[in-house]
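Visitor: Pasting in a structure now, in structure tokens, and then I'll have a few things to ask.
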Amino acid sequence: MPEFKNPNQAGGAGGQDTRSFLVMIIVMFGAIAGLTWWNSKHAPPPPPDNPPAAVSHAPAAAPTLGATTSPVAAPVLKAEAETTTTVENELYQVTFSNHGAQVIHWILKNYKDTEGHPLDLVHADASKQFGYPLSLYTYDDKITAGLADALYVPSATGSLQAPASLSFAYSNGNITVHKTFTFGADYVIHADAIVTRDGQPIRALLTWPTAFGDMDNLLAYSSAWVDTSANGKDNHDAIKSVINGATLNGPLDFVGVSDQYFAAIFMPDNPADATAATIHRDMKLQNLAHGAARGMPSLFGSSKTDATVQLIGTGVGNVSGHNSARLFVGPKAVKVLKEIKTANGQNLGPVLDFGFFGPIGKYLFVGLQWVHTHIASNWGWAIVIFTVFINLILLPLRVQSMRSALKMQRIQPEVDKIKAKYKNPKPTDPKAAEMNAEVMAYQKTQGVSMFGGCVPSLVQLPLLFAFFTMMTKVVELRQAHWYWLHDLSQADPYHILPILMVITSFLVQYYTPSPGVDPQQQKMMAFMMPAFSGWMTWNYASGLALYWNVGNLIMIIQQTVMNYTSLGREMRKIQHERAARKAAAISTGKPSGPTIQGRR
441 MPEFKNPNQA GGAGGQDTRS FLVMIIVMFG AIAGLTWWNS KHAPPPPPDN
491 PPAAVSHAPA AAPTLGATTS PVAAPVLKAE AETTTTVENE LYQVTFSNHG
541 AQVIHWILKN YKDTEGHPLD LVHADASKQF GYPLSLYTYD DKITAGLADA
591 LYVPSATGSL QAPASLSFAY SNGNITVHKT FTFGADYVIH ADAIVTRDGQ
641 PIRALLTWPT AFGDMDNLLA YSSAWVDTSA NGKDNHDAIK SVINGATLNG
691 PLDFVGVSDQ YFAAIFMPDN PADATAATIH RDMKLQNLAH GAARGMPSLF
741 GSSKTDATVQ LIGTGVGNVS GHNSARLFVG PKAVKVLKEI KTANGQNLGP
791 VLDFGFFGPI GKYLFVGLQW VHTHIASNWG WAIVIFTVFI NLILLPLRVQ
841 SMRSALKMQR IQPEVDKIKA KYKNPKPTDP KAAEMNAEVM AYQKTQGVSM
891 FGGCVPSLVQ LPLLFAFFTM MTKVVELRQA HWYWLHDLSQ ADPYHILPIL
941 MVITSFLVQY YTPSPGVDPQ QQKMMAFMMP AFSGWMTWNY ASGLALYWNV
991 GNLIMIIQQT VMNYTSLGRE MRKIQHERAA RKAAAISTGK PSGPTIQGRR
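Here this note's numbering runs 440 ahead of the position in the sequence shown, where the first position is 1.
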């Protein structure tokens, strides 16, 4: 939790607390501006007036591979009717149709959609328009459409229990297709596919061509990424950076698409010879919610309306034309991703990107997950306990901050004399640099650091913003319950925690001594920071508000105890002396501004 200086204490103007306050405010609002820029960078761009109807951009290399020889006719092989085959294990239930030999349902058994039904990751509307998962992508629109419309002959129909294998075959005499899928006990399947024309292989990629089935609002669509890894270097391309039909050539450790919580990642068996294409489509949807969902801030209100959304996908294959890859389709859970290895031994952990404060956010979640595993099975209580741990660790820094503030107040009279000697010049006055140099030299002789009082805040602010980002990245907190909160990754539906944020933030200011702070800054902090914290948590993840509130309560208790130590008593003595001098100044007709008197 950020530790702000008290706006409710009297004191003289200026002082090093003012510098600490300014440093803290600059850092805080700089971080907010950075996060705002980061989010706006990935907002979807305006759609083109005439979006293309099918994937059609050709790669630099010719799609037909191998030397051309005389045509080799193949026996015609087609199914008479459409059939389905369902393969399942404890984690998923995947339904294939022989119409295109593609997936029409990919249900994750351990996850629910917003209506409480088992989550189907196949986006029905998008798939009808642009293709279903594990369809084939070629650089010829006619061939692509024909392969998707063909009736393949399956090796089995009905239901299969993993471990299992399912094959599809098709031939019209000119083009022949063989697809084989192998299923195990985890979220990964193996796919093998080859397409030949007149006996020669052509580049036809296995695809996840569109969005995911958990997308139900505008911000969910804008959170999609294309994730790639080549030679150990990971990259996450936002929607506006994805070019339709762009071809990527190996080495490719993994290529796929992900949204806020789920991913479909291809891992080629031969990374050096892998090839991939990116897909970018625009689709109109009706009654799409623009408002906040899954903890994202509301930018457009809560009404439903028609909207054009942008969809991205990927296709992956091999330059030889014989595609062989594993495919992960499932949650971006930390433990799950770490257990899945590519052909080069790299795990899929980088698919979960924590953003600007990634390293901090990652280890914060590792700690939170440890508490959830070993102490509290409920995620809400895990956040409460984890917050207590963090504040206990930061307690020595808070004591150090109080000692530093006390040292600053002890030498403040001498600092005031130096400033008086220079007649308090304006910042643009050349004498201001001389004055500051003399003040810092004096502080150094007294063993005082001007930044000592704001170190805890500088440490806690990155923690807060990392927690801010992490709350909407980890699937473990999706639909996690805690009392009246049905989803810790969404905003508090009753706004109870944001209201408590305003109260507890004010009390933090009220109980934290800071003699020497400028009265105008005291008044501003007394009301600005509580209002800011309430606004921050009003439409954001309730888990963040829970973390912040618990931290505030702990800080109030700690500060109350410290106020009655020897350090606290000396701080109060200095405060009272300054208040007495201020009263005397007012009585002589030289007021220095009103203050809000805090209780000690």
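C-beta: ideal position from N, C-alpha, C; glycine also.
Alpha carbons only, please: which of V948, V628, N671 is nearest the one belonging to K778?
Guide: Ranking V948, V628, N671 by Cα distance to K778 puts V628 first.
Visitor: Output the distance between the C-alpha atoms of A521 and L591, rounded to the nearest integer angstrom.
Guide: Each residue's Cα considered, the two are about 7 Å apart.
Visitor: What's the gap between the Cα of S389 and the Cα of S844?
Guide: Since the first residue shown for the chain is 441 and the last is 1040, residue 389 is missing from the structure and cannot be characterised.
Visitor: For L835 and W988, I'd like the C-alpha separation in whole angstroms.
Guide: When rounded, the distance between both Cα atoms is 16 Å.
Visitor: By DSSP, does K866 sit in helix, in strand, or in coil?
Guide: K866: coil per DSSP, three-state reduction.
Visitor: What did DSSP end up calling A733 once you bin it into helix, strand or coil?
Guide: Confidence in A733 is poor, its pLDDT being 39 and thus under 50, which makes the residue's placement unreliable; the coordinate value appears in the next sentence. Correct three-state label for A733: coil.
Visitor: What does E528 pair with, by DSSP beta-bridge criteria?
Guide: In DSSP, E528 forms a bridge with Q533, Q601.
Visitor: Taking the alpha-carbon positions, what's the A1024 to N1003 distance?
Guide: A1024 and N1003: Cα-Cα distance of roughly 26 Å.
Visitor: Might you give, ordered along the chain, the residues of its own chain that have their beta carbon closer than 6 Å to the beta carbon of A1020, omitting 5 neighbours on each side?
Guide: So no residue of the chain qualifies.
Visitor: Kindly indicate which three-state DSSP category F796 falls into: helix, strand or coil?
Guide: Looking at F796 - three-state DSSP - the assignment turns out to be helix.
Visitor: CB-CB under 6 Å to D693, same chain, minus the five flanking residues each way: which ones, in chain order?
Guide: Excluding residues within five positions, the ones whose Cβ falls inside 6 Å are S669, P711, T782, N784, Q786.
Visitor: With DSSP collapsed to three states, give me the class of Y951.
Guide: Y951 falls in the helix class under three-state DSSP.
Visitor: Nearest to S1057 by CA position, among L587, G624, G613, is which residue?
Guide: The question about residue 1057 has no answer, for the chain in this structure spans 441 to 1040.
Visitor: Nearest to Q700 by CA position, among L561, I615, A644, L767, is which residue?
Guide: The option with the nearest alpha carbon to Q700 is L561.
Visitor: Where DSSP assigns a beta bridge to R721, which residues make up the other side?
Guide: L751.
Visitor: Kindly provide the ranges of any alpha helix (DSSP H) runs that are 4 or more residues long and lie completely inside the stretch 791-855, ordered along the chain.
Guide: With a minimum length of 4 residues, the continuous alpha helix (DSSP H) runs that stay inside the stretch 791-855 are 798-814.
Visitor: Within this structure, are the beta carbons of L917 and T977 separated by less than 8 Å?
Guide: It is not a contact, given that the beta carbons lie outside the stated cut-off.
Visitor: Since I705 is in the beta strand (DSSP E), which residue starts that stretch and which ends it?
Guide: Per DSSP, I705 belongs to the beta strand (DSSP E) from 702-708.
Visitor: For R1021, name the three-state secondary structure that DSSP assigns.
Guide: Residue state, collapsed to three classes: helix.
Visitor: Let's test the definition: count the other Cβ atoms within 10 Å of the Cβ of Y923 and tell me whether it reaches 16, buried, or not, exposed.
Guide: It is exposed - the Cβ of Y923 has fewer than 16 other Cβ atoms within 10 Å.
Visitor: Express the C-alpha separation of I752 and H921 in angstroms, rounding to a whole number.
Guide: Answer to the nearest angstrom: the Cα atoms are 31 Å apart.
Visitor: Within the same chain, show all residues whose beta-carbon is closer than 8 Å to that of G770, passing over the 5 residues directly before and after it, in chain order.
Guide: L531, Y532, L548, Y627, F702, A703, V776.
Visitor: If you check the beta carbons only, do S929 and M910 fall under 8 Å apart?
Guide: The answer is no: Cβ separation not under 8 Å.
Visitor: Please state whether the Cβ-Cβ distance between D932 and A985 is less than 8 Å.
Guide: Against a cut-off of 8 Å, the Cβ pair of A985 and D932 comes out as a contact.
Visitor: Could you check what DSSP says for Y610 in three-state terms: helix, strand or coil?
Guide: Y610 falls in the strand class under three-state DSSP.
Visitor: For T622, which of V914, I544, D656, F536 has the nearest alpha-carbon?
Guide: It is F536 whose Cα lies nearest to the Cα of T622.
Visitor: Measuring straight from C-alpha to C-alpha, what distance separates P691 and L574?
Guide: Whole-angstrom Cα-Cα distance: 22 Å.
Visitor: Provide the residue(s) that pair with I547 in DSSP beta bridges, ordered along the chain.
Guide: Its beta-bridge partners are Q533, D560.
Visitor: Using the Cβ count rule (16 or more neighbours within 10 Å means buried), how would you classify T1084?
Guide: Outside the shown range of the chain, which is 441 to 1040, sits residue 1084, and nothing can be said about it.
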